Amino acid sequence: MGKKKAKTKAKKSAGEKYQASYAERALFLIVELGLVNARGGIAVTKLAKALGVTAKTIRQWRKADGEYYKNEFAKALKTAAESIECGDIKRSMIDRAKGYKRTRKTYEKNKKGRMVMTKREDEQMAGDVGAAKLCLANMGPEDERWKEKSEVEHKGDIIVNHVDFSNVKRGADSGS
Numbered sequence: 169m170g171k172k173k174a175k176t177k178a179k180k181s182a183g184e185k186y187q188a189s190y191a192e193r194a195l196f197l198i199v200e201l202g203l204v205n206a207r208g209g210i211a212v213t214k215l216a217k218a219l220g221v222t223a224k225t226i227r228q229w230r231k232a233d234g235e236y237y238k239n240e241f242a243k244a245l246k247t248a249a250e251s252i253e254c255g256d257i258k259r260s261m262i263d264r265a266k267g268y269k270r271t272r273k274t275y276e277k278n279k280k281g282r283m284v285m286t287k288r289e290d291e292q293m294a295g296d297v298g299a300a301k302l303c304l305a306n307m308g309p310e311d312e313r314w315k316e317k318s319e320v321e322h323k324g325d326i327i328v329n330h331v332d333f334s335n336v337k338r339g340a341d342s343g344s
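Sequential numbering of the sequence shown, starting at 169, is according to the working numbering.
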């Protein structure tokens with residue numbers, strides 16, 4: 169029996185792998201499905217796996233001076249990154265408005281002069297009215313947002329009387 173030759177697949181370059189739909193898919197995966205890493209950035213390895221390419225290929229597509237640069241893909245990743253940052257800020261503002269738990273740590277020097285944690289306690293922070301006001305005024309559907317202005321409606325006539333002040337003396341002229 170003869171040995172079978174293994175079929176080798178010709179590897180495609182990063183440029184050949186790219187499909188126009190990748191930019192839109194990447195934006196959706198990152199923003200809507202939360203493909204972010206522990207530091208809050210884009211999870212390149214997970215994105216690559218979802219698109220069926222390598223992380224190296226993703227980096228090549230977004231590298232501006234690279235051979236395989238894809239402008240629309242790079243723009244989609246930039247938009248996604250900005251959206252992630254904005255989302256973090258919104259979540260932080262909502263947490264501040266509603267109140268949140270935090271851990272307070274106390275450090276002191278030990279006998280050797282090193283700083284060591286001596287106390288750790290969880291505390292509940294009260295909601296912040298200012299943050300709540302900002303959230304209500306700027307987040308959610310446009311028609312449900314709080315407004316800073318008051319609208320006054322007047323019904324009926326307005327009567328204006330003319331008063332003649334030409335005979336009234338002012339300031340130093342009024343004393344004799």
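No residue lacks a Cβ here, since even glycine has one placed at the ideal position from N, Cα and C.
As the structure is a computational prediction, the values presented were derived from the model and not from experiment.
What distance in whole Å lies between the Cβ atoms of residue j and residue i, which are believed to be in contact at a cut-off of 8 Å?
i	j	result
Ala300	Phe241	Rounded, the Cβ-Cβ distance is 39 Å, inconsistent with contact.
Val204	Ile262	Between Ile262 and Val204 the Cβ distance is about 18 Å, and since that is not below 8 Å, they are no contact.
Ala244	Cys303	About 28 Å separates the two Cβ atoms, so there is no contact after all.
Ala232	Ala223	Between Ala223 and Ala232 the Cβ distance is about 18 Å, and since that is not below 8 Å, they are no contact.
Met293	Gly267	6 Å
Val221	Lys279	With a Cβ gap of about 56 Å, Val221 and Lys279 do not count as contacting.
Thr274	Lys287	4 Å
Lys315	Asp290	Not confirmed; about 38 Å, so no contact.
Met285	Lys277	About 12 Å separates the two Cβ atoms, so there is no contact after all.
Ile226	Val212	5 Å
Can you tell me where the beta strand (DSSP E) holding residue i begins and where it ends?
i	result
Lys269	Tyr268 to Lys277
Val320	It is not in any beta strand (DSSP E) - Val320 carries neither H nor E in the DSSP assignment.
In the DSSP output, which residue or residues are listed as bridge partners for residue i?
i	result
Glu289	Arg272
Val284	Glu276
If distances are taken between C-alpha atoms only, which option among the options comes closest to residue i?
i	options	result
Ala218	Gly209, Phe196 and Trp229	Phe196
Gln228	Val221, Thr222 and Tyr236	Tyr236
Arg207	Asn335, Arg193, Ala249 and Ser318	Ala249
Gly202	Asp296, Gly255 and Glu319	Gly255
Lys317	Lys238, Ala305 and Asn335	Ala305
Ser260	Met307, Glu321 and Arg313	Met307
In the DSSP assignment, find the alpha helix (DSSP H) that holds residue i and state where it starts and stops.
i	result
Ala294	Looking at the DSSP string, Ala294 is not in any alpha helix (DSSP H), and its letter there is neither H nor E.
**Request:** Enumerate, from N- to C-terminal direction, the unbroken alpha helix (DSSP H) stretches of 4 or more residues contained entirely within the region 176-262.
**Result:** 182-185, 190-199, 212-219 and 223-230
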